[in-house]
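Reading through the structure tokens given below for one structure.
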Amino acid sequence: MFTSLHRRSKLLATSCAAAAVVGGAALAVPAQAAAPRVVDLDAELRPGNRLHLSVETRGATRVTFTIAGRSAKGYLTEIDREDGTREFERNLASRGLQPGTHTIKLRACGADGCTTKTQRTYVEYDD
Numbered sequence: 002m003f004t005s006l007h008r009r010s011k012l013l014a015t016s017c018a019a020a021a022v023v024g025g026a027a028l029a030v031p032a033q034a035a036a037p038r039v040v041d042l043d044a045e046l047r048p049g050n051r052l053h054l055s056v057e058t059r060g061a062t063r064v065t066f067t068i069a070g071r072s073a074k075g076y077l078t079e080i081d082r083e084d085g086t087r088e089f090e091r092n093l094a095s096r097g098l099q100p101g102t103h104t105i106k107l108r109a110c111g112a113d114g115c116t117t118k119t120q121r122t123y124v125e126y127d128d
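Sequential numbering of the sequence shown, starting at 2, is according to this note's numbering.
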């Protein structure tokens, strides 16, 4: 029975595709959705013992930064209507974080799942 049902499903899908071609109708087939993508990740120290974290993503609706064992939610600050990227930022107390190379872990989540990116970056004071 499974084989028969499977063949019918394939036949139905093929028939629909053929009908669309023969009928001349342009059917929009939704593209496979993908997990969010991290475009750019930055970190810098600011006066007043503040650490500024920012990330540019595609497809993310929420992000979480982790640095030096601390996690913090990123806040949406900008949506670029031309290329569809979203920028998230967060300011944290630096708590003794010194300039140098640090590991930043970013978790970006959207409607189609989550992506985790770990990046070693040089953190220094902003000019």
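C-beta atoms are modelled at their ideal positions from N, C-alpha and C, and glycine is treated no differently.
Cα-Cα separation, residue i to residue j
i, j, result
"H103", "T65", "16 Å"
"G111", "T122", "24 Å"
"T119", "L107", "6 Å"
"A73", "R91", "8 Å"
"A44", "G101", "11 Å"
"P48", "F89", "20 Å"
"Y126", "D81", "27 Å"
Among the options, nearest to residue i - alpha-carbon criterion
i, options, result
"V40", "G60, Y126, K74", "G60"
"T78", "A94, L54, G97", "L54"
"P37", "Q120, T119, A109", "A109"
"A69", "T116, I105, A44, D113", "I105"
"Y76", "V56, N50, E83", "V56"
"R63", "D81, D127, C115", "C115"
"T58", "D81, R96, Y126, R87", "R87"
DSSP beta-bridge partners of residue i
i, result
"Q120", "I105"
"E90", "S55, Y76"
Contact set for residue i: own chain, Cβ-Cβ below 8 Å, skip 5 residues either direction
i, result
"L1", "Any property of residue 1 remains undetermined from this structure, which presents the chain solely from 2 to 128."
message: So within the stretch 41-71, which uninterrupted beta strand (DSSP E) runs reach at least 3 residues, ignoring any that extend past its ends?
response: You should have 51-59, 63-68.
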